[in-house]
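Engineer:
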Amino acid sequence: MEKEYWGGGEKRDLITLDEANSLGIPFDEPERVPCPFCGKDLPPLGMEFMGQIRWVARGKCGCGGEAEAAREAAAREQAEQQRKAAKKVSDAGVKPRFANAVTSNPLISRYLTEDAMREGRGLYIHGAVGSGKTHAASALARALVYEGESVVMTTSIDMLDEVKSSYGESFSSQGTSRFRKCGVLIVDDLGKEGASSWVLTTLFQIFNGRYESLLPTIVTSQYSLEGLERRMSRGGESETAHAIASRIRETCTPVFTGRADRRSGA
Ligand SMILES: [Zn+2]
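Per my numbering: the sequence shown = residues 0 to 265.
Spelled out as structure tokens, the structure:
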């Protein structure tokens, strides 16, 4: 509340109880208005109207309760923002185990700061089982979600299951649309899926669709790219396997996470 008011054509200070007493202006006993934080009476502030003081406002208590309430409100707001951010990360497909993942891998950190993503470039994160690929990809997903990207993170098996359950064994491109059109697609554990004609065709449809739209795809795999191609070819679909590997090779920077098992450590 401003301690000023307009009276007689000029700006005047509001009058305190002490001032009213010392000026000898008559007034009614002010109503008690307790501080909502400490309960102490708030100081009344008035203005002179036709020779009498009218109590029109209350001053601040000064107990600090208001400041503390503001701090508490700010803390609640921050917690709410964190909850919303965590929900977005979870909605993007990051598993609870990796919800707070961070990465110190320089190639991945650099990827986040470069314009590579806007040019449709992705990463091929490969290394031994337990070398931290999912952890690194989850950290990347989190960072991208915080930047406001529409991220879908999924394992290749879950992705194919989702396509299959929505459209059966048909080759309808609509079943793949969520994965073809999201801002950033992160496919975890590529190479774990089957190698049927349907699987290979569906994967190619997704990878090629993103390639043509300049949308970045991030892949993790326990196989090197050559190893992945061999593995995908095991059902006899070597041409499609080659085409998928070529798309990945053209657009994804390889990141090797190593041979060591870091699950036993951190
Ligand atoms: Zn107070």
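Beta carbons are placed, not taken as given, at the ideal position from N, Cα and C, and that holds for glycine.
According to DSSP, simplified to helix, strand and coil, what is Leu13?
Structural biologist: What you label residue 13 is simply residue 14 of the sequence shown in a count that begins at 1. Coil at Leu13, not helix or strand.
Engineer: Under 6 angstroms: does the beta carbon of Gly58 sit that close to some heavy atom of ligand 1?
Structural biologist: Taking the first residue of the sequence shown as 1, we reach residue 58 at position 59. Because no heavy atom of ligand 1 lies under 6 angstroms away, the Cβ of Gly58 does not count as near it: no.
Engineer: Go through its chain and collect everything with a Cβ distance to Ala298's Cβ below 7 angstroms, but skip five positions before and after it.
Structural biologist: The displayed coordinates of the chain run from 0 to 265. Any statement about residue 298 would go beyond what the structure contains.
Engineer: Ser277 and Ala244: beta carbons closer than 7 angstroms?
Structural biologist: Examination of residue 277 is not possible in this model, given that the chain is present from 0 through 265 alone.
Engineer: Can you grab the Cα-Cα spacing for the pair Met0 / Arg57, in whole Å?
Structural biologist: In the sequence shown, residue 0 corresponds to position 1, counting from 1. In the sequence shown, residue 57 corresponds to position 58, counting from 1. Unreliable positioning characterises Met0 in this predicted model, as indicated by a pLDDT of 49, which lies under 50. The coordinate reading is nonetheless provided below. Distance between the alpha carbons of Met0 and Arg57: 8 angstroms.
Engineer: Looking only at its own chain, which residues have a Cβ that is under 6 angstroms from the Cβ of Phe203, when we skip the five neighbours before and after it?
Structural biologist: Position 204 of the sequence shown, counting from 1, holds the residue named residue 203. If we look at Phe203 and ignore the five residues flanking it on each side, its Cβ neighbours are Thr239, Ala242 and Ile243.
Engineer: Per DSSP, Phe48 is paired with what?
Structural biologist: Along the sequence shown, read from residue 1 onward, the residue named residue 48 stands at position 49. Beta-bridge pairing links Phe48 to Gln51.
Engineer: Give me the Cα-Cα distance between Thr15 and Glu67, rounded to the nearest whole angstrom.
Structural biologist: Counting from one through the sequence shown, the residue named residue 15 turns up at place 16. Counting from one through the sequence shown, the residue named residue 67 turns up at place 68. Each residue's Cα considered, the two are about 26 angstroms apart.
Engineer: I'd like to confirm the pairing. Which residues does DSSP put opposite Phe255 in its beta bridges?
Structural biologist: Counted from its first residue, the sequence shown places residue 255 at position 256. DSSP output for Phe255 lists His125 as bridge partner(s).
Engineer: Determine the extent of the beta strand (DSSP E) in which Asp187 is found, giving its start and end residues.
Structural biologist: To locate residue 187, count along the sequence shown from 1; it is residue 188. Per DSSP, Asp187 belongs to the beta strand (DSSP E) from Val183 to Asp187.
Engineer: At a cut-off of 6 angstroms, would you count Lys94 as near ligand 1, judging by its Cβ distance to the nearest heavy atom?
Structural biologist: The residue given as residue 94 occupies position 95 in the sequence shown. Checking the Cβ of Lys94 against ligand 1 gives no.
Engineer: Where DSSP assigns a beta bridge to Phe26, which residues make up the other side?
Structural biologist: Here residue 26 refers to the residue found at position 27 when the sequence shown is read from its first residue. Answer is Ile52.
Engineer: Mapping the DSSP letters down to three states, classify Ser103 as helix, strand or coil.
Structural biologist: In the sequence shown, the residue the question calls residue 103 occupies position 104. Reduced to three states, the DSSP call for Ser103 is coil.
Engineer: Who are the Cβ neighbours of Leu159 in its own chain at under 7 angstroms, not counting the five residues just before and after it?
Structural biologist: The residue labelled residue 159 in the question sits at position 160 within the sequence shown. Result list for Leu159: Glu192, Val198 and Thr201, in chain order.
Engineer: For Leu143 versus Val150, is the C-beta distance shorter than 7 angstroms?
Structural biologist: In the sequence shown, residue 143 corresponds to position 144, counting from 1. In the sequence shown, residue 150 corresponds to position 151, counting from 1. It is a contact, given that the beta carbons lie within the stated cut-off.
Engineer: Quick one: is Leu13 buried, meaning 16 or more other Cβ sit within 10 Å of its Cβ, or exposed?
Structural biologist: One-based indexing of the sequence shown puts residue 13 at position 14. Looking at its Cβ environment, which holds 16 or more other Cβ atoms inside 10 Å, Leu13 is buried.
Engineer: Return the first residue and the last residue of the alpha helix (DSSP H) that Val198 is part of.
Structural biologist: Counting from 1 along the sequence shown, the entry for residue 198 is found at position 199. Start and end: Ser196 to Glu211.
Engineer: State yes or no: is the C-beta of Val353 within less than 7 angstroms of the C-beta of Gly174?
Structural biologist: This structure cannot settle anything about residue 353, because the visible part of the chain is limited to 0 through 265.
Engineer: Check Arg31 in the structure and name its three-state DSSP category.
Structural biologist: In the sequence shown, the residue the question calls residue 31 occupies position 32. Coil.
Engineer: Look at Val55 and Gly64 and say whether their C-beta atoms are less than 7 angstroms apart.
Structural biologist: Translated into positions along the sequence shown, residue 55 becomes position 56. Translated into positions along the sequence shown, residue 64 becomes position 65. No.
Engineer: With DSSP as the reference, label Arg120 as helix, strand or coil.
Structural biologist: Position 121 of the sequence shown holds residue 120. If DSSP states are grouped into helix, strand and coil, Arg120 belongs with coil.
Engineer: Note the first and the last residue of the continuous beta strand (DSSP E) segment covering Ser220.
Structural biologist: Mapped onto the sequence shown, residue 220 falls at position 221. Unbroken beta strand (DSSP E) run through Ser220: Thr216 to Ser220.
Engineer: Suppose contacts are defined by Cβ-Cβ distances below 7 angstroms. Is Gly126 in contact with Gly234 by that definition?
Structural biologist: Numbered from its first residue, the sequence shown carries residue 126 at position 127. Numbered from its first residue, the sequence shown carries residue 234 at position 235. Contact: no.
Engineer: Out of Ala84, Ala19 and Glu225, which has the shortest C-alpha to C-alpha gap to Phe48?
Structural biologist: Here residue 48 is taken as the residue at index 49 of the sequence shown, counted from 1. Out of Ala84, Ala19 and Glu225, Ala19 has the C-alpha closest to the C-alpha of Phe48.
Engineer: Short check: CB of Arg179 to CB of Ile205, under 7 angstroms?
Structural biologist: Within the sequence shown, the letter at position 180 stands for residue 179. Within the sequence shown, the letter at position 206 stands for residue 205. Yes, these two residues count as a Cβ contact at 7 angstroms.
Engineer: Reducing DSSP to helix, strand and coil, say where Asp40 ends up.
Structural biologist: If you number the sequence shown from 1, residue 40 lands on position 41. Strand.
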